[in-house]
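Everything on this sheet refers to the single structure shown next.
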Amino acid sequence: MHKSILHKSIHMNLPSIVLASALAFVARAETRLASGHADIGVGYEGGFDLHVHQEEPFEAEYEPDEVTFVVGEAARTTSPGGLFSASLGPAGSVAWVLSTSPHPDLPFIGFGTEELAQDDWLGNVSLTLSGFSGPGNLAVWSVGAFGNTEVAIDTTRGAGLPNGLSLIPGTHAHYSIGFSQPGLYEVSFVASGTHATDGVASGAGTYRFEVVPEPSTWALLGLGGAVALFAARRRP
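For the sequence shown, the positions run 2 to 237 when my numbering is used.
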C-alpha cells in the first residue's frame, strides 16, 4: 500500500523535477563566452582564488560556475593523430580546438597569474586536473620554439601521471585546448604552490566548456529532447 502511494507520488512529480533541473541549469549558466579574450585566472587571498577574468570585449570577473565557454563551429578541425590519438582520436578524426591564436568567432582562453607577485612565491604555481566529465576527451598542449609538442593535460591519462600546467607567478600564457566530441564538459583544477610567508597553499575551481558544432541546431535538438522526455513522463 505504502509502496504504491510512493510510486504514484514520484511519477506525478517527475515533470516538475525535470523542469526544475532544466531551469536550474539555465540559471547557473548566466554568462556564455563565445568570443573575446578571457583567462582562467589564479589569484590569492589567503588561499588560491580560481576565477574567470574576461578582458574583451569588456573587462569583468566571474566565479568559475558563472561562466560557460562556448566552443563553436569555427573550432572544428581534425585530429593529427600521434600524441593525440587517445584524446582526440586517430588522424583525420573530427575534433574541436581552441588555438593559441585569437579567432573572432571563438573564445581566446589564456591561463593568467598576473595577480600573483613573483616575489611572494617560491617557485611556480601548479594547476592540476582534479576532475573531469564530458561526452568525449580533452587535451591541453603547447608547441615549443623548435616545433616540439608538449601535451600538458590529457584526460585519458591514468591516475598518478602528470596532468597539469606549471605557471610562473605574474605571467600570462596560452595553450591549445582540444575536445573530441560535441557536448558539455566540466573540468576541475586545483591550484597549488608555496607562498613565501603563508607556506603551502591550494584552491580549486570547476570550469564549463560547451562544444556546439551548429548552435541553432544543437539548441533545437536539446529542446526537442527535453520536450520528448517531459511528454514521456506524462504518459499514464
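By construction, the Cβ of each residue, glycine as well, lies at the ideal position given by its N, Cα and C atoms. Since we're looking at a predicted model, the values are computed, not measured.
Check your understanding: Below 9 Å between beta carbons: does that hold for V68 and T32?
Key -> On the sequence shown, position 67 is the one that residue 68 refers to. On the sequence shown, position 31 is the one that residue 32 refers to. Closer than 9 Å, so yes.
Review point. Is DSSP giving A39 helix, strand or coil here?
Key: Residue numbering aside, residue 39 sits at position 38 when the sequence shown is read from its first letter. Here A39 sits in strand by DSSP.
Exercise for review: Would you check if the distance between the CB atom of L118 and the CB atom of G47 is smaller than 9 Å?
Suggested key: Taking the first residue of the sequence shown as position 1, residue 118 is located at position 117. Taking the first residue of the sequence shown as position 1, residue 47 is located at position 46. The identity of residue 118 in the sequence shown is Ala, whereas the question assumes Leu. It is not a contact, given that the beta carbons lie outside the stated cut-off.
Check your understanding: Hey, quick one: how far does the alpha helix (DSSP H) through S86 stretch, first residue to last?
Key -> For this step, residue 86 is matched to residue 85 along the sequence shown. Note, S86: alpha helix (DSSP H), 86-89.
Exercise for review: Could you tell me if V144 is buried or exposed, where buried requires 16 or more neighbouring beta carbons within 10 angstroms of its beta carbon?
Suggested key: Here residue 144 corresponds to residue number 143 of the sequence shown, with the count starting at 1. Label assigned to V144: exposed.
Exercise for review: Check P1 in the structure and name its three-state DSSP category.
Suggested key: The chain is shown from 2 up to 237; residue 1 falls before or after that span and cannot be answered.
Review point. Would you call V201 buried or exposed, if buried means 16 or more other Cβ atoms sit within 10 Å of its Cβ?
Key: Here residue 201 corresponds to residue number 200 of the sequence shown, with the count starting at 1. Here V201 is exposed. Its C-beta has fewer than 16 other C-beta atoms within 10 Å.
Exercise for review: Could you tell me which of D50, Y45, A197, F59 sits nearest to A1, measuring between CA atoms?
Suggested key: Given that the chain is displayed from residue 2 to residue 237, the structure contains no residue 1 and the question cannot be resolved.
**Study point:** D121 (DSSP reduced to helix, strand or coil)
**Key:** Within the sequence shown, numbered from 1, the residue matching residue 121 stands at position 120. In the structure shown, D121 sits in a helix (DSSP, three-state: H, G or I).
Point to revise | Proximity of A160 and L166 at Cβ, strictly below 9 Å | key: Within the sequence shown, the letter at position 159 stands for residue 160. Within the sequence shown, the letter at position 165 stands for residue 166. Taking 9 Å as the Cβ cut-off, A160 and L166 do not qualify as a contacting pair.
Exercise for review: Measure from the C-beta of T195 to each C-beta in chain B and report whether the shortest distance is under 9 Å.
Suggested key: Checking the listed chains, one finds no chain B in this structure; it contains a single protein chain.
**Study point:** CB of L168 within 9 Å of CB of V43, strictly
**Key:** Your numbering for residue 168 matches position 167 in the sequence shown. Your numbering for residue 43 matches position 42 in the sequence shown. Yes, Cβ-Cβ distance for L168 and V43 is below 9 Å.
Check your understanding: What is the residue span of the beta strand (DSSP E) that T78 lies within?
Key -> Counted from its first residue, the sequence shown places residue 78 at position 77. Run containing T78: 77-79, per the beta strand (DSSP E) assignment.
Review point. Just how far apart, CA to CA, sit Q55 and Y63?
Key: Numbered from 1 along the sequence shown, position 54 holds the residue referred to as residue 55. Numbered from 1 along the sequence shown, position 62 holds the residue referred to as residue 63. Each residue's Cα considered, the two are about 8 Å apart.
Point to revise | For A75 and H104, believed in contact at Cβ under 8 Å, the rounded distance | key: In the sequence shown, residue 104 corresponds to position 103, counting from 1. In the sequence shown, residue 75 corresponds to position 74, counting from 1. Distance from H104 to A75 at the Cβ level is roughly 6 Å; contact confirmed, criterion being Cβ atoms closer than 8 Å.
Review point. Just checking my contact of T150 with L84 at CB under 8 Å: how many whole Å lie between their CB atoms?
Key: Position 149 of the sequence shown, counted from the first residue, corresponds to residue 150. Position 83 of the sequence shown, counted from the first residue, corresponds to residue 84. Going by Cβ atoms, the distance from T150 to L84 rounds to 6 Å, so yes, they are a contact pair.
Practice item. For G82, count neighbouring Cβ atoms within 10 angstroms of its own Cβ and tell me buried if that reaches 16, exposed if not. Key: In the sequence shown, counting from the first residue as 1, residue 82 sits at position 81. With fewer than 16 other Cβ atoms within 10 Å, it is exposed.
Review point. Would the beta-carbon of F70 fall within 9 Å of that of T129?
Key: Position 69 of the sequence shown holds residue 70. Position 128 of the sequence shown holds residue 129. In this structure, T129 does not lie closer than 9 Å to F70 by Cβ.
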